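Before any comments, here is the structure.
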Amino acid sequence: MRKMMGMILMLTLLSACGNSAANSGKGEVPELLEVKLTGPEQVEKNESVIVKAAVTYGDTPVDDADDVQFEVWKDGDKDNSKMIQPKKENKGVYELHTAFKKDGLYIIQVHVTAKQQHNMPKTNIHVGEVKKESSSTEEETSHH
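Each residue of the sequence shown is one higher than the last, beginning at 1 in the UniProt record's numbering.
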């Protein structure tokens with residue numbers, strides 16, 4: 001009888017702990033970190049270019065991202081990519097101001113870390129005389 005009472009008490013305690021843990025996160029769905037990357041598709045050599053990354057968490061602009069960096073490389077030469085710190089604008093917008101010295105297809109990928117999430121969308125810019133071919137990197141988005 002004593003063992004039976006002990007088991008009932010133990011099961012009651014365990015089930016109570018399980019219920020409180022299950023209810024603690026009830027109804028809370030984390031928002032997604034979204035990054036909308038915009039910029040020109042075609043520019044001339046040495047032309048000033050602005051590429052913008054609009055960062056939101058749900059519907060709220062993210063002005064306090066942990067890290068924002070633009071990675072730029074010429075197509076086929078990612079090993080020589082450059083990481084560039086953006087200029088922070090208002091309402092969750094971060095801007096890359098740059099120019100390209102050589103003709104070619106360039107890939108720009110922004111790396112954004114905020115709200116314990118990471119997002120890395122890409123876009124392409126054709127500089128000077130380049131055939132507009134579909135690249136495998138065109139406007140891909142990665143969530144981590």
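Backbone N, C-alpha and C define an ideal beta-carbon position, used for all residues, glycine too. On a predicted model such as this, the values are computed, not experimentally measured, just so you know.
Nearest to residue i by alpha carbon, out of the options?
i: residue 43; options: 105, 71, 60, 68; result: 105
i: residue 55; options: 49, 46, 79, 68; result: 68
i: residue 120; options: 34, 30, 28; result: 34
i: residue 75; options: 109, 36, 28, 64; result: 109
i: residue 89; options: 116, 64, 59; result: 64
i: residue 103; options: 59, 29, 73; result: 73
i: residue 145; options: 83, 30, 128; result: The requested residue 145 does not occur in the structure, where the chain is confined to residues 1 to 144.
i: residue 118; options: 78, 41, 57, 83; result: 57
i: residue 70; options: 116, 101, 84; result: 84
Quick one, are the C-beta atoms of residue i and residue j less than 7 Å apart?
i: residue 61; j: residue 39; result: no
i: residue 80; j: residue 107; result: no
i: residue 52; j: residue 95; result: yes
i: residue 66; j: residue 99; result: no
i: residue 45; j: residue 128; result: yes
i: residue 97; j: residue 50; result: yes
Can you have a look at residue i and say buried or exposed, based on whether 16 or more other CB atoms are within 10 angstroms of its CB?
i: residue 86; result: buried
i: residue 136; result: Per-residue confidence for residue 136 stands at a pLDDT of 48, beneath the threshold of 50, marking its modelled position as unreliable; the derived number appears in the next sentence. Label assigned to residue 136: exposed.
i: residue 126; result: buried
i: residue 32; result: exposed
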